[in-house]
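Residue numbers 1 to 359, in full-length UniProt numbering, belong to the letters of the sequence shown in order. What follows is a single structure, written as structure tokens, with notes after it.
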Amino acid sequence: MQPVHLWIRSESRETERRAPVVPVDVPLLLDAGFEVTVEESRQRVFPIEEYAAAGALVADEGSWTSAPHDAYVLGIKELPDAPDSLHHQHIYFAHAFKGQDDARETLERFRRGGGRLLDIEYLVDENDRRVVAFGHWAGYVGAALGVLHLAGTLTAPLAPMAKHELDEELKRAGKAGVDQLLALVTGARGRSGRGAQQALMTAGLPTTRWDRQETQDLHKLVLLGHDLLVNCVVTRTPTTPFVERADLDHERRLKVLADVTCDVTGPTNMLPVNTEITTWEEPVRRLHDGTPVPGNPPLEVIAIDNLPSLLPREASEGFSADLTPHLLGLADEGGPSAPWRAAGRAFDEAIDALEEPAS
Ligand SMILES: NC(=O)c1ccc[n+]([C@@H]2O[C@H](COP(=O)([O-])OP(=O)(O)OC[C@H]3O[C@@H](n4cnc5c(N)ncnc54)[C@H](O)[C@@H]3O)[C@@H](O)[C@H]2O)c1
Numbered sequence: 001m002q003p004v005h006l007w008i009r010s011e012s013r014e015t016e017r018r019a020p021v022v023p024v025d026v027p028l029l030l031d032a033g034f035e036v037t038v039e040e041s042r043q044r045v046f047p048i049e050e051y052a053a054a055g056a057l058v059a060d061e062g063s064w065t066s067a068p069h070d071a072y073v074l075g076i077k078e079l080p081d082a083p084d085s086l087h088h089q090h091i092y093f094a095h096a097f098k099g100q101d102d103a104r105e106t107l108e109r110f111r112r113g114g115g116r117l118l119d120i121e122y123l124v125d126e127n128d129r130r131v132v133a134f135g136h137w138a139g140y141v142g143a144a145l146g147v148l149h150l151a152g153t154l155t156a157p158l159a160p161m162a163k164h165e166l167d168e169e170l171k172r173a174g175k176a177g178v179d180q181l182l183a184l185v186t187g188a189r190g191r192s193g194r195g196a197q198q199a200l201m202t203a204g205l206p207t208t209r210w211d212r213q214e215t216q217d218l219h220k221l222v223l224l225g226h227d228l229l230v231n232c233v234v235t236r237t238p239t240t241p242f243v244e245r246a247d248l249d250h251e252r253r254l255k256v257l258a259d260v261t262c263d264v265t266g267p268t269n270m271l272p273v274n275t276e277i278t279t280w281e282e283p284v285r286r287l288h289d290g291t292p293v294p295g296n297p298p299l300e301v302i303a304i305d306n307l308p309s310l311l312p313r314e315a316s317e318g319f320s321a322d323l324t325p326h327l328l329g330l331a332d333e334g335g336p337s338a339p340w341r342a343a344g345r346a347f348d349e350a351i352d353a354l355e356e357p358a359s
């Protein structure tokens, strides 16, 4: 067993209240011989006292920059802009390996400091499946926002909430008549698809479930016969989109698209009628005004790319339960376990690609 020091940093994004490891999971790490330090944070949903009571050491907010050299610095979202060279091993979602905005700058910071980025999105098992993700609660919240919008009770700006509050709103929406409407979940067998179904069940909405098999021959008329479409599909191969511009003038019940996938600009966007995300400030955007004739209502989209942050407690608890056993794999006798090695390879490839001339 290798001694491992895990340093849980504060988040720099002010709306980010989640934590990658929750207090109740800290003793699992300590029992395995880890040293665990947790930074104070103004916004984290779990008070620092709970971490201290669980046995973690407490450090000042943002003090990871002076953490011991061998510490793994763990967070969820992006690092602050300074310092401009990074010398630790960082574990978080960096969105820096696919040429995204700021990707090069992020990688350059690691290269300058000699640090390493173990991106959580690239922690995969031997079958190339991600071992930890926030999908379930993304689906839950995405579907819930769709239901509340159908009920006319979605108010902006959105803010983080407790699940029981959201569930009360969902039940109220159901009783107010939304339970007479029809919902369709695409990608229904995945993590977020299953989460979406749970929220719809809480509101009492009859739900159709489609995964790969059911969309092989796409039944457009059946699709358009639902009031709410919650899209949770992940695909790498461009496929027949679910809703295209030509469908908007068609007779339809479809009024709200809740796009959990949020792949709005990529070639695999299953809802190309929309090409922009929406935000907590403006969660809903009108895509089509509809026409006064019955059977052609306005169509609106909700495409928020940080849905789990709206249920920070539940999202953190589920994520931490999945991540903690893998963190233990950092201390494996023969070196970090397979998912960490996979994430390390992804980082090395991204650094190598920095050398390649831009095409
Ligand atoms: N909006 C947010 O805040 C947020 C947060 C977390 C994750 N996400 C995104 O949500 C998406 C879903 O993640 P997940 O963890 O549920 O993925 P997942 O891999 O668990 O599930 C994807 C599902 O899509 C199905 N699928 C693939 N092609 C299909 C097709 N043509 N028709 C029907 N079904 C098809 C797969 O069989 C699978 O069941 C990802 O793109 C992820 O990045 C969004």
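Where is the CB? At the ideal position from N, CA and C, for every residue including glycine. None of these values were measured; they are calculated from a predicted model.
Taking 8 Å as the threshold (C-beta atoms), are His-69 and Ile-302 in contact?
Here residue 302 corresponds to residue number 302 of the sequence shown, with the count starting at 1. Here residue 69 corresponds to residue number 69 of the sequence shown, with the count starting at 1. Against a cut-off of 8 Å, the Cβ pair of His-69 and Ile-302 comes out as no contact.
Could you tell me whether the stretch 326 to 342 touches the stretch 50 to 70, using the rule of 3 or more Cβ pairs below 8 Å?
Too few Cβ pairs lie closer than 8 Å, so no.
Buried or exposed (CB count within 10 angstroms, at least 16 for buried), Glu-300
The residue labelled residue 300 in the question sits at position 300 within the sequence shown. Classification of Glu-300: buried, given that the 10 Å Cβ count is 16 or more.
Between His-250 and the rest of its own chain, which residues show a CB-CB distance below 7 Å, the 5 nearest in sequence each way excluded?
As a working note, residue 250 is residue 250 in the sequence shown. Result list for His-250: Leu-224, in chain order.
Cβ of Ile-304 versus every heavy atom of ligand 1: is any distance shorter than 7 Å?
For the purposes of this step, residue 304 is taken as the residue at position 304 of the sequence shown. It does: the Cβ of Ile-304 is within 7 Å (strictly closer) of some heavy atom of ligand 1.
Euclidean distance between Cα positions of Arg-236 and Met-270:
Start at 1 with the first residue of the sequence shown, and residue 236 comes out as number 236. Start at 1 with the first residue of the sequence shown, and residue 270 comes out as number 270. Their Cα atoms are separated by approximately 11 Å.
Closer than 7 Å: Leu-311 CB and nearest ligand 1 heavy atom:
Counting from 1 along the sequence shown, the entry for residue 311 is found at position 311. Leu-311: no, Cβ never under 7 Å from ligand 1.
Using the three-state DSSP reduction, which class does Thr-324 fall into: helix, strand or coil?
Your numbering for residue 324 matches position 324 in the sequence shown. Thr-324 falls in the helix class under three-state DSSP.
Which word fits Leu-114, buried or exposed, when buried means at least 16 other C-beta atoms lie within 10 angstroms of its C-beta?
For this step, residue 114 is matched to residue 114 along the sequence shown. A small correction: the amino acid at residue 114 is Gly; Leu does not occupy that position in the sequence shown. Under this definition Gly-114 is an exposed residue.
If I measure Cβ to Cβ from Gly-190 and keep anything under 7 Å in the same chain, skipping five residues before and after, which residues do I get?
Counted from its first residue, the sequence shown places residue 190 at position 190. For Gly-190, where only same-chain residues beyond five positions count, the Cβ hits under 7 Å are Gly-135, Cys-232, Val-234.
Residues of its chain near Pro-27, where Cβ-Cβ distance is below 8 Å and the 5 sequence neighbours each way are ignored
If you number the sequence shown from 1, residue 27 lands on position 27. Cβ within range, chain order: Ala-54, Gly-55.
Which word fits Gly-195, buried or exposed, when buried means at least 16 other C-beta atoms lie within 10 angstroms of its C-beta?
Indexing the sequence shown from 1 puts residue 195 at position 195. Buried, since its Cβ has 16 or more Cβ neighbours within 10 Å.
Indicate, with yes or no, if ligand 1 has a heavy atom lying under 7 Å from the CB of residue 360.
Examination of residue 360 is not possible in this model, given that the chain is present from 1 through 359 alone.
How many Å lie between His-5 and Ala-321 at the Cα?
The count along the sequence shown starts at 1 and reaches residue 5 at position 5. The count along the sequence shown starts at 1 and reaches residue 321 at position 321. The C-alpha of His-5 lies about 19 Å from the C-alpha of Ala-321.
Who does Thr-37 pair with in a DSSP beta bridge?
Taking the sequence shown and counting its residues from 1, the one referred to as residue 37 is at position 37. In the DSSP secondary-structure assignment, Thr-37 is bridged to Trp-7, Leu-57.
Between which two residues does the beta strand (DSSP E) holding His-288 run?
Working through the sequence shown from its first residue, we reach residue 288 at position 288. Following the DSSP letters along the chain, one finds His-288 inside the beta strand (DSSP E) bounded by residues 285 to 288.
When the Cβ atoms of the stretch 313 to 320 are set against those of the stretch 130 to 144, are three or more pairs found closer than 8 Å?
Contact annotation: the stretch 313 to 320 touches the stretch 130 to 144, with at least three C-beta pairs closer than 8 Å.
Can we count Asp-119 as close to ligand 1, meaning its CB is less than 7 Å from some heavy atom?
Here residue 119 refers to the residue found at position 119 when the sequence shown is read from its first residue. At a threshold of 7 Å, Asp-119 does not count as near ligand 1, since its beta carbon sits no closer than that to any of the ligand's heavy atoms.
In three-state terms, what does DSSP make of Ala-188?
Locating residue 188 in the sequence shown gives position 188, counting from the first residue. Coil, per DSSP.
Quick one: is Gly-146 buried, meaning 16 or more other Cβ sit within 10 Å of its Cβ, or exposed?
Against the sequence shown, residue 146 aligns to sequence position 146. Classification of Gly-146: buried, given that the 10 Å Cβ count is 16 or more.
Can you grab the Cα-Cα spacing for the pair Thr-155 / Val-230, in whole Å?
The sequence position of residue 155 within the sequence shown is 155, counting from 1. The sequence position of residue 230 within the sequence shown is 230, counting from 1. Distance between the alpha carbons of Thr-155 and Val-230 is about 19 Å.
How would you write the range of the beta strand (DSSP E) that Leu-299 sits in, first residue to last?
By one-based count along the sequence shown, residue 299 stands at place 299. Here the beta strand (DSSP E) through Leu-299 covers 299 to 302.
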